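Take 587 as the starting number for the sequence shown in this note's numbering and just add one per residue.
Here a beta-carbon is modelled for each residue, glycine too, at the ideal position from N, C-alpha and C.
Just so you know, these numbers come straight off a predicted model, no measurement behind them.
To start, the structure under review is shown below, and the notes come after it.
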Amino acid sequence: MNIQDPIPAGALLVDLRDREDYEAGHLPGARHMTVDEIRQEAEEDTRILLYCYHGIRSLKAALFLKAAGYPNAESLGGISGYHGPLVK
Numbered sequence: 587m588n589i590q591d592p593i594p595a596g597a598l599l600v601d602l603r604d605r606e607d608y609e610a611g612h613l614p615g616a617r618h619m620t621v622d623e624i625r626q627e628a629e630e631d632t633r634i635l636l637y638c639y640h641g642i643r644s645l646k647a648a649l650f651l652k653a654a655g656y657p658n659a660e661s662l663g664g665i666s667g668y669h670g671p672l673v674k
C-alpha cells in the first residue's frame with residue numbers, strides 16, 4: 587500500500603510530522619500522533635498506516651510498532667508523494 591491508495595475502513599491513519607506541518611495540510615482522516623500515543627490508544631490488531639514527510643520516520647515507526655506487537659503497522663511513505671486534496 588502507498589500514500590496514493592484509498593485508506594481502508596477501520597484503519598488508523600497517522601501523520602508523524604510536526605504539529606505545524608500537520609496543521610498546514612494533512613491527508614483526509616489522518617490524526618497527528620506520536621508513537622507513544624499510538625501505543626496508548628490502538629489495539630494490537632489495529633491496522634496502523636503511518637506517513638511523514640519523506641517516509642523515513644514512518645518506516646522506522648512501523649518497524650518499531652511491529653516489534654512492539656502491532657503486526658499491522660505499515661508505512662505509506664511520505665506526503666511529498668501525495669497528489670490529492672489536503673485538509674487544513
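Item	Value
Start and end residues, beta strand (DSSP E) containing residue 608	Note, residue 608: premise wrong, no beta strand (DSSP E); alpha helix (DSSP H) at 605-610.
Three-way DSSP call (helix, strand, coil) for residue 627 in this model	helix
Extent of the continuous alpha helix (DSSP H) run through residue 661	Looking at the DSSP string, residue 661 is not in any alpha helix (DSSP H); the run it does join, the beta strand (DSSP E), is 659-664.
For residue 651, three-class secondary structure by DSSP	helix
Beta carbon of residue 615 nearer than 8 Å to that of residue 674	no
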